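Report on the following structure.
In our numbering, the protein residues as written are -2 to 370.
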(Lines of atoms letter the chains of each structure in order from A and count residues from 1; the text may use other names and numbers.)
(Lines give C-alpha, C1' and ligand atoms only; values in the text may rest on other atoms or scores of the structure.)
Protein backbone atom coordinates (compact mmCIF):
# COMPACT_ATOMS: atom_id res chain seq x y z
CA UNK A 1 0.00 0.00 0.00
CA UNK A 2 2.87 2.39 0.82
CA UNK A 3 4.40 1.82 -2.63
CA UNK A 4 1.08 2.48 -4.34
CA UNK A 5 0.65 5.75 -2.45
CA UNK A 6 4.19 6.75 -3.37
CA UNK A 7 3.53 5.94 -7.04
CA UNK A 8 0.33 7.98 -7.02
CA UNK A 9 2.22 10.87 -5.44
CA UNK A 10 4.83 10.77 -8.22
CA UNK A 11 2.10 10.70 -10.86
CA UNK A 12 0.35 13.62 -9.20
CA UNK A 13 3.56 15.66 -9.09
CA UNK A 14 4.21 14.88 -12.75
CA UNK A 15 0.73 16.00 -13.75
CA UNK A 16 1.09 19.13 -11.62
CA UNK A 17 4.37 19.98 -13.37
CA UNK A 18 2.73 19.44 -16.75
CA UNK A 19 -0.16 21.74 -15.83
CA UNK A 20 2.23 24.44 -14.63
CA UNK A 21 4.25 24.26 -17.85
CA UNK A 22 1.11 24.46 -19.96
CA UNK A 23 -0.14 27.45 -17.97
CA UNK A 24 3.22 29.14 -18.42
CA UNK A 25 2.92 28.65 -22.17
CA UNK A 26 -0.56 30.15 -22.19
CA UNK A 27 0.58 33.19 -20.21
CA UNK A 28 3.58 33.64 -22.47
CA UNK A 29 1.48 33.73 -25.60
CA UNK A 30 -1.52 35.57 -24.24
CA UNK A 31 -0.67 38.74 -26.15
CA UNK A 32 0.33 37.11 -29.40
CA UNK A 33 -1.25 34.83 -31.99
CA UNK A 34 -1.02 31.08 -31.56
CA UNK A 35 -0.45 28.94 -34.62
CA UNK A 36 -2.88 26.22 -35.67
CA UNK A 37 -0.09 23.65 -35.34
CA UNK A 38 0.39 24.47 -31.68
CA UNK A 39 -3.37 24.33 -31.06
CA UNK A 40 -3.59 20.94 -32.75
CA UNK A 41 -0.65 19.56 -30.79
CA UNK A 42 -2.09 20.86 -27.52
CA UNK A 43 -5.49 19.33 -28.24
CA UNK A 44 -3.99 15.97 -29.12
CA UNK A 45 -1.99 15.92 -25.89
CA UNK A 46 -5.02 16.90 -23.80
CA UNK A 47 -7.24 14.37 -25.58
CA UNK A 48 -4.70 11.60 -24.94
CA UNK A 49 -4.45 12.62 -21.30
CA UNK A 50 -8.25 12.45 -21.00
CA UNK A 51 -8.22 8.86 -22.29
CA UNK A 52 -5.28 7.93 -20.07
CA UNK A 53 -7.04 9.37 -17.02
CA UNK A 54 -10.22 7.46 -17.90
CA UNK A 55 -8.43 4.13 -18.28
CA UNK A 56 -6.27 4.55 -15.17
CA UNK A 57 -9.27 5.75 -13.18
CA UNK A 58 -11.34 2.70 -14.13
CA UNK A 59 -8.46 0.36 -13.32
CA UNK A 60 -7.94 2.08 -9.98
CA UNK A 61 -11.64 1.92 -9.09
CA UNK A 62 -11.85 -1.80 -9.90
CA UNK A 63 -8.66 -2.55 -7.96
CA UNK A 64 -9.87 -0.52 -4.98
CA UNK A 65 -13.16 -2.44 -4.87
CA UNK A 66 -11.51 -5.86 -5.17
CA UNK A 67 -8.93 -5.01 -2.52
CA UNK A 68 -11.55 -3.66 -0.09
CA UNK A 69 -13.75 -6.77 -0.36
CA UNK A 70 -11.71 -8.50 2.33
CA UNK A 71 -12.90 -5.87 4.79
CA UNK A 72 -16.59 -6.19 3.92
CA UNK A 73 -18.96 -7.62 6.50
CA UNK A 74 -19.99 -11.23 5.83
CA UNK A 75 -23.49 -12.10 4.72
CA UNK A 76 -26.05 -10.67 7.11
CA UNK A 77 -27.07 -12.89 10.02
CA UNK A 78 -30.68 -11.72 9.99
CA UNK A 79 -33.54 -12.12 7.54
CA UNK A 80 -34.18 -8.42 7.06
CA UNK A 81 -30.41 -7.80 6.85
CA UNK A 82 -30.06 -9.80 3.64
CA UNK A 83 -32.94 -7.83 2.14
CA UNK A 84 -31.24 -4.57 3.08
CA UNK A 85 -27.98 -5.80 1.54
CA UNK A 86 -29.74 -6.72 -1.70
CA UNK A 87 -31.28 -3.26 -1.99
CA UNK A 88 -27.94 -1.63 -1.19
CA UNK A 89 -26.06 -3.53 -3.89
CA UNK A 90 -28.89 -3.02 -6.37
CA UNK A 91 -28.72 0.75 -5.82
CA UNK A 92 -24.92 0.74 -5.99
CA UNK A 93 -24.96 -1.28 -9.23
CA UNK A 94 -27.37 1.11 -10.94
CA UNK A 95 -25.51 4.20 -9.74
CA UNK A 96 -22.11 2.75 -10.70
CA UNK A 97 -23.35 1.75 -14.17
CA UNK A 98 -24.72 5.25 -14.80
CA UNK A 99 -21.51 6.84 -13.46
CA UNK A 100 -19.22 4.70 -15.61
CA UNK A 101 -21.26 5.16 -18.82
CA UNK A 102 -21.56 8.94 -18.47
CA UNK A 103 -17.87 9.37 -17.66
CA UNK A 104 -16.76 7.13 -20.52
CA UNK A 105 -18.83 9.26 -22.90
CA UNK A 106 -17.54 12.46 -21.30
CA UNK A 107 -13.86 11.59 -21.65
CA UNK A 108 -14.27 9.87 -25.02
CA UNK A 109 -16.07 12.88 -26.52
CA UNK A 110 -13.33 15.19 -25.25
CA UNK A 111 -10.83 13.11 -27.25
CA UNK A 112 -12.96 12.21 -30.26
CA UNK A 113 -14.37 15.66 -31.00
CA UNK A 114 -11.36 17.83 -30.30
CA UNK A 115 -10.69 20.87 -32.47
CA UNK A 116 -9.57 20.14 -36.02
CA UNK A 117 -9.08 22.48 -38.92
CA UNK A 118 -12.17 22.65 -41.11
CA UNK A 119 -14.45 20.83 -38.66
CA UNK A 120 -17.63 22.61 -37.61
CA UNK A 121 -19.78 21.72 -34.63
CA UNK A 122 -23.41 20.88 -35.22
CA UNK A 123 -25.98 22.79 -33.17
CA UNK A 124 -29.11 21.07 -31.90
CA UNK A 125 -31.52 23.65 -30.46
CA UNK A 126 -33.85 20.90 -29.22
CA UNK A 127 -34.44 17.18 -29.42
CA UNK A 128 -37.68 16.13 -27.77
CA UNK A 129 -37.08 12.43 -28.26
CA UNK A 130 -33.68 12.56 -26.58
CA UNK A 131 -35.01 14.69 -23.71
CA UNK A 132 -37.90 12.27 -23.22
CA UNK A 133 -35.50 9.32 -23.05
CA UNK A 134 -33.13 10.81 -20.48
CA UNK A 135 -36.06 12.04 -18.36
CA UNK A 136 -38.35 9.00 -18.37
CA UNK A 137 -35.73 6.26 -17.90
CA UNK A 138 -34.08 7.80 -14.78
CA UNK A 139 -37.54 8.65 -13.40
CA UNK A 140 -38.70 5.03 -13.75
CA UNK A 141 -35.51 3.68 -12.20
CA UNK A 142 -35.74 6.12 -9.28
CA UNK A 143 -39.41 5.25 -8.74
CA UNK A 144 -38.56 1.53 -8.58
CA UNK A 145 -35.74 2.15 -6.08
CA UNK A 146 -37.92 4.37 -3.90
CA UNK A 147 -40.83 1.91 -3.95
CA UNK A 148 -38.70 -1.14 -3.10
CA UNK A 149 -36.92 0.82 -0.36
CA UNK A 150 -40.23 1.99 1.09
CA UNK A 151 -41.59 -1.57 1.17
CA UNK A 152 -38.49 -2.82 2.96
CA UNK A 153 -38.66 0.04 5.49
CA UNK A 154 -42.38 -0.58 6.06
CA UNK A 155 -41.79 -4.27 6.77
CA UNK A 156 -38.75 -3.69 8.97
CA UNK A 157 -40.49 -1.02 11.05
CA UNK A 158 -43.79 -2.88 11.34
CA UNK A 159 -45.14 -4.11 14.66
CA UNK A 160 -43.20 -7.04 16.06
CA UNK A 161 -44.91 -10.46 16.00
CA UNK A 162 -46.88 -11.34 19.12
CA UNK A 163 -44.51 -14.20 19.92
CA UNK A 164 -41.43 -11.95 19.82
CA UNK A 165 -38.98 -12.25 22.69
CA UNK A 166 -38.73 -8.81 24.30
CA UNK A 167 -35.60 -7.23 25.77
CA UNK A 168 -34.88 -3.71 26.93
CA UNK A 169 -31.58 -1.98 26.21
CA UNK A 170 -30.72 1.30 27.90
CA UNK A 171 -27.82 3.52 26.88
CA UNK A 172 -25.90 5.75 29.24
CA UNK A 173 -22.47 7.29 29.26
CA UNK A 174 -20.68 5.03 28.56
CA UNK A 175 -22.18 1.55 28.51
CA UNK A 176 -25.31 -0.41 27.68
CA UNK A 177 -27.64 -1.95 30.25
CA UNK A 178 -29.81 -4.86 29.15
CA UNK A 179 -32.96 -5.85 31.04
CA UNK A 180 -34.30 -9.35 30.57
CA UNK A 181 -37.80 -10.57 31.40
CA UNK A 182 -37.67 -13.22 34.10
CA UNK A 183 -38.32 -16.84 33.21
CA UNK A 184 -41.33 -17.04 35.54
CA UNK A 185 -43.58 -14.75 33.49
CA UNK A 186 -41.39 -13.83 30.48
CA UNK A 187 -42.69 -10.26 30.74
CA UNK A 188 -40.81 -7.03 31.23
CA UNK A 189 -42.11 -5.01 34.13
CA UNK A 190 -42.81 -1.29 34.05
CA UNK A 191 -40.16 1.35 34.56
CA UNK A 192 -39.99 4.93 35.74
CA UNK A 193 -37.00 7.16 35.09
CA UNK A 194 -37.52 8.83 38.48
CA UNK A 195 -36.58 5.53 40.17
CA UNK A 196 -33.10 5.39 38.60
CA UNK A 197 -30.32 5.25 41.18
CA UNK A 198 -27.09 3.33 41.83
CA UNK A 199 -29.02 0.16 42.68
CA UNK A 200 -31.60 0.46 39.92
CA UNK A 201 -29.83 1.51 36.72
CA UNK A 202 -32.88 1.18 34.49
CA UNK A 203 -35.53 2.52 36.86
CA UNK A 204 -37.46 -0.73 37.27
CA UNK A 205 -40.83 -0.04 38.89
CA UNK A 206 -41.54 -2.62 41.58
CA UNK A 207 -45.16 -1.60 41.92
CA UNK A 208 -45.59 -3.85 38.88
CA UNK A 209 -45.31 -7.50 39.89
CA UNK A 210 -44.02 -8.40 36.40
CA UNK A 211 -40.79 -6.63 37.45
CA UNK A 212 -40.02 -8.97 40.34
CA UNK A 213 -38.14 -11.57 38.26
CA UNK A 214 -36.50 -9.16 35.80
CA UNK A 215 -32.70 -9.22 35.74
CA UNK A 216 -30.07 -7.00 34.11
CA UNK A 217 -26.63 -7.25 32.52
CA UNK A 218 -24.03 -4.69 31.49
CA UNK A 219 -21.68 -7.11 29.71
CA UNK A 220 -23.70 -9.22 27.29
CA UNK A 221 -27.03 -9.86 25.63
CA UNK A 222 -28.12 -13.46 25.03
CA UNK A 223 -30.84 -14.05 22.45
CA UNK A 224 -32.37 -17.22 20.94
CA UNK A 225 -31.82 -18.00 17.26
CA UNK A 226 -34.64 -18.11 14.67
CA UNK A 227 -37.04 -16.24 16.92
CA UNK A 228 -38.35 -12.67 16.55
CA UNK A 229 -36.44 -10.35 18.89
CA UNK A 230 -37.92 -7.02 19.96
CA UNK A 231 -35.49 -4.49 21.40
CA UNK A 232 -37.08 -1.73 23.43
CA UNK A 233 -34.54 1.07 23.39
CA UNK A 234 -34.04 3.97 25.81
CA UNK A 235 -31.35 6.50 26.72
CA UNK A 236 -30.65 7.90 30.18
CA UNK A 237 -28.65 10.98 29.33
CA UNK A 238 -27.67 11.87 25.75
CA UNK A 239 -28.22 10.49 22.27
CA UNK A 240 -26.90 6.98 21.70
CA UNK A 241 -27.45 4.54 18.85
CA UNK A 242 -27.86 0.77 18.99
CA UNK A 243 -25.84 -0.80 16.19
CA UNK A 244 -25.51 -4.54 15.51
CA UNK A 245 -23.49 -4.58 12.27
CA UNK A 246 -23.77 -8.28 11.44
CA UNK A 247 -27.55 -8.13 11.90
CA UNK A 248 -27.89 -4.82 9.99
CA UNK A 249 -29.67 -3.38 13.03
CA UNK A 250 -29.39 0.33 13.81
CA UNK A 251 -31.73 2.50 15.85
CA UNK A 252 -31.15 5.67 17.85
CA UNK A 253 -31.62 5.75 21.61
CA UNK A 254 -33.21 9.11 22.40
CA UNK A 255 -33.66 10.55 25.91
CA UNK A 256 -37.34 10.84 26.73
CA UNK A 257 -38.46 9.10 23.53
CA UNK A 258 -38.39 5.28 23.65
CA UNK A 259 -37.68 3.59 20.30
CA UNK A 260 -37.72 -0.03 19.18
CA UNK A 261 -36.40 -2.43 16.58
CA UNK A 262 -37.28 -6.06 15.89
CA UNK A 263 -35.40 -8.65 13.88
CA UNK A 264 -34.81 -12.37 13.51
CA UNK A 265 -31.25 -13.66 13.96
CA UNK A 266 -30.86 -16.90 12.01
CA UNK A 267 -27.18 -17.69 12.60
CA UNK A 268 -25.81 -18.56 16.02
CA UNK A 269 -22.44 -17.30 17.20
CA UNK A 270 -20.98 -20.79 16.72
CA UNK A 271 -22.36 -21.01 13.17
CA UNK A 272 -20.77 -17.68 12.30
CA UNK A 273 -17.45 -18.86 13.71
CA UNK A 274 -17.57 -21.89 11.44
CA UNK A 275 -18.75 -19.83 8.46
CA UNK A 276 -16.03 -17.19 8.81
CA UNK A 277 -13.31 -19.61 9.92
CA UNK A 278 -12.62 -17.30 12.87
CA UNK A 279 -13.05 -19.05 16.20
CA UNK A 280 -12.70 -15.72 17.98
CA UNK A 281 -15.67 -14.23 16.13
CA UNK A 282 -18.32 -12.57 18.25
CA UNK A 283 -21.35 -10.41 17.58
CA UNK A 284 -21.35 -7.02 19.25
CA UNK A 285 -23.63 -4.12 19.98
CA UNK A 286 -21.89 -0.78 19.52
CA UNK A 287 -22.90 2.85 19.83
CA UNK A 288 -22.74 4.79 16.56
CA UNK A 289 -23.75 8.18 17.94
CA UNK A 290 -20.81 10.16 19.30
CA UNK A 291 -21.91 10.56 22.91
CA UNK A 292 -18.84 11.86 24.72
CA UNK A 293 -15.23 11.10 25.51
CA UNK A 294 -15.91 7.45 26.37
CA UNK A 295 -17.96 6.75 23.24
CA UNK A 296 -15.33 4.36 21.87
CA UNK A 297 -15.77 1.97 24.81
CA UNK A 298 -19.54 1.66 24.54
CA UNK A 299 -19.79 -1.96 23.39
CA UNK A 300 -21.75 -5.00 24.46
CA UNK A 301 -21.28 -8.66 23.57
CA UNK A 302 -24.17 -10.34 21.74
CA UNK A 303 -24.49 -14.11 22.02
CA UNK A 304 -26.90 -15.88 19.68
CA UNK A 305 -27.64 -19.46 20.72
CA UNK A 306 -30.27 -22.15 20.39
CA UNK A 307 -33.44 -21.98 22.45
CA UNK A 308 -32.40 -24.64 24.96
CA UNK A 309 -29.03 -23.00 25.68
CA UNK A 310 -30.67 -19.61 26.01
CA UNK A 311 -33.28 -20.93 28.47
CA UNK A 312 -30.58 -22.66 30.50
CA UNK A 313 -28.53 -19.45 30.70
CA UNK A 314 -31.55 -17.41 31.78
CA UNK A 315 -32.31 -19.89 34.58
CA UNK A 316 -28.82 -19.34 35.97
CA UNK A 317 -29.37 -15.58 36.34
CA UNK A 318 -30.66 -13.96 39.50
CA UNK A 319 -33.40 -11.31 39.48
CA UNK A 320 -32.21 -7.83 40.38
CA UNK A 321 -34.47 -8.03 43.40
CA UNK A 322 -32.51 -11.05 44.67
CA UNK A 323 -29.08 -9.49 44.23
CA UNK A 324 -30.20 -6.07 45.50
CA UNK A 325 -32.75 -6.71 48.27
CA UNK A 326 -32.61 -3.01 49.21
CA UNK A 327 -35.11 -2.47 46.39
CA UNK A 328 -37.76 -4.35 48.39
CA UNK A 329 -38.74 -1.13 50.16
CA UNK A 330 -40.38 0.00 46.91
CA UNK A 331 -42.76 -2.96 46.80
CA UNK A 332 -46.36 -2.12 47.81
CA UNK A 333 -47.70 -3.94 50.85
CA UNK A 334 -50.26 -5.93 48.89
CA UNK A 335 -47.50 -7.42 46.67
CA UNK A 336 -44.90 -8.24 49.32
CA UNK A 337 -46.02 -11.84 49.62
CA UNK A 338 -45.58 -12.41 45.87
CA UNK A 339 -42.16 -10.76 45.92
CA UNK A 340 -40.95 -12.73 48.94
CA UNK A 341 -39.69 -15.72 46.95
CA UNK A 342 -37.26 -13.48 45.07
CA UNK A 343 -35.73 -12.03 48.23
CA UNK A 344 -32.90 -13.61 50.24
CA UNK A 345 -34.36 -15.66 53.06
CA UNK A 346 -31.76 -14.46 55.56
CA UNK A 347 -31.16 -10.97 54.22
CA UNK A 348 -32.57 -7.63 55.15
CA UNK A 349 -33.30 -4.61 53.05
CA UNK A 350 -30.90 -1.71 53.49
CA UNK A 351 -32.20 1.73 54.46
CA UNK A 352 -33.72 3.72 51.63
CA UNK A 353 -35.22 7.19 52.06
CA UNK A 354 -35.32 6.93 55.89
CA UNK A 355 -36.91 3.48 55.73
CA UNK A 356 -35.54 0.11 56.75
CA UNK A 357 -36.88 -3.27 55.86
CA UNK A 358 -36.44 -6.51 57.69
CA UNK A 359 -37.19 -10.00 56.49
CA UNK A 360 -38.98 -12.40 58.73
CA UNK A 361 -40.01 -15.98 58.22
CA UNK A 362 -43.50 -17.04 59.10
CA UNK A 363 -44.69 -20.58 58.38
CA UNK A 364 -42.00 -21.10 55.75
CA UNK A 365 -43.01 -17.90 53.92
CA UNK A 366 -40.70 -14.88 53.97
CA UNK A 367 -42.59 -11.74 54.79
CA UNK A 368 -41.12 -8.29 54.15
CA UNK A 369 -41.84 -5.77 56.88
CA UNK A 370 -40.88 -2.13 56.47
CA UNK A 371 -40.29 -0.02 59.54
CA UNK A 372 -40.31 3.74 59.23
CA UNK A 373 -37.86 5.46 61.48
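A virtual CB, placed ideally from N, CA and C, is assigned to each residue, including glycine.
Model, not experiment: these values are computed from the prediction.
Taking residue i as the reference, give the member of the options with the closest Cα.
{"i": "residue 316", "options": "303, 240, 176", "result": "176"}
{"i": "residue 182", "options": "293, 311, 305", "result": "311"}
{"i": "residue 247", "options": "260, 254, 235", "result": "260"}
{"i": "residue 226", "options": "75, 88, 335", "result": "75"}
{"i": "residue 276", "options": "283, 282, 286, 265", "result": "265"}
{"i": "residue 295", "options": "282, 139, 305", "result": "282"}
{"i": "residue 342", "options": "318, 51, 43", "result": "318"}
{"i": "residue 287", "options": "163, 337, 214, 236", "result": "236"}
{"i": "residue 153", "options": "258, 180, 53, 96", "result": "258"}
{"i": "residue 89", "options": "142, 55, 111", "result": "142"}
{"i": "residue 239", "options": "339, 1, 267, 299", "result": "299"}
{"i": "residue 234", "options": "210, 289, 279", "result": "289"}
{"i": "residue 304", "options": "46, 209, 180, 199", "result": "180"}
{"i": "residue 54", "options": "5, 15, 215, 278", "result": "5"}
{"i": "residue 217", "options": "302, 107, 10", "result": "302"}
{"i": "residue 46", "options": "111, 231, 278, 139", "result": "111"}
Put residue i into one of helix, strand or coil per three-state DSSP.
{"i": "residue 112", "result": "coil"}
{"i": "residue 276", "result": "coil"}
{"i": "residue 19", "result": "helix"}
{"i": "residue 212", "result": "strand"}
{"i": "residue 340", "result": "coil"}
{"i": "residue 159", "result": "coil"}
{"i": "residue 290", "result": "coil"}
{"i": "residue 184", "result": "coil"}
{"i": "residue 54", "result": "helix"}
{"i": "residue 299", "result": "strand"}
{"i": "residue 169", "result": "strand"}
{"i": "residue 74", "result": "coil"}
{"i": "residue 328", "result": "coil"}
{"i": "residue 69", "result": "coil"}
{"i": "residue 190", "result": "helix"}
{"i": "residue 177", "result": "strand"}
Just to check my reading of the structure: residue i and residue j have Cβ atoms closer than 8 Å, yes? What is that Cβ distance to the nearest angstrom?
{"i": "residue 262", "j": "residue 256", "result": "The Cβ separation is near 19 Å, so there is no contact."}
{"i": "residue 165", "j": "residue 229", "result": "5 Å"}
{"i": "residue 188", "j": "residue 201", "result": "6 Å"}
{"i": "residue 314", "j": "residue 221", "result": "That pair is no contact at about 15 Å."}
{"i": "residue 336", "j": "residue 209", "result": "5 Å"}
At least three beta-carbon pairs within less than 8 Å, the stretch 205 to 218 to the stretch 37 to 51: In short, these stretches do not touch, since the Cβ pair count stays below three.
Entirely enclosed beta strand (DSSP E) segments - the stretch 217 to 276, minimum 3 residues: As far as the stretch 217 to 276 is concerned, its whole beta strand (DSSP E) runs of at least 3 residues are 217 to 221, 225 to 232, 237 to 241, 246 to 250, 256 to 261.
Touching by the beta-carbon criterion (3+ pairs, under 8 Å), the stretch 316 to 336 and the stretch 205 to 224: Yes, since at least three Cβ pairs between the stretch 316 to 336 and the stretch 205 to 224 fall closer than 8 Å, the two stretches touch.
At least 3 beta-carbon pairs within less than 8 Å: the stretch 116 to 128 vs the stretch 161 to 173: No contact exists between the stretch 116 to 128 and the stretch 161 to 173.
Within the stretch 106 to 154, ranges of the beta strand (DSSP E) (whole runs, at least 3 residues): Listed in chain order, the beta strand (DSSP E) elements of length 3 or more contained wholly in the stretch 106 to 154 amount to none.
The stretch 62 to 74 in contact with the stretch 237 to 246 per 3-pair CB rule at 8 Å: By the criterion of at least three beta-carbon pairs nearer than 8 Å, the stretch 62 to 74 is in contact with the stretch 237 to 246.
Segment contact flag, the stretch 133 to 152 with the stretch 79 to 99, C-beta cutoff 8 Å, min 3 pairs: Because the criterion of three Cβ pairs below 8 Å is met, the stretch 133 to 152 and the stretch 79 to 99 touch.
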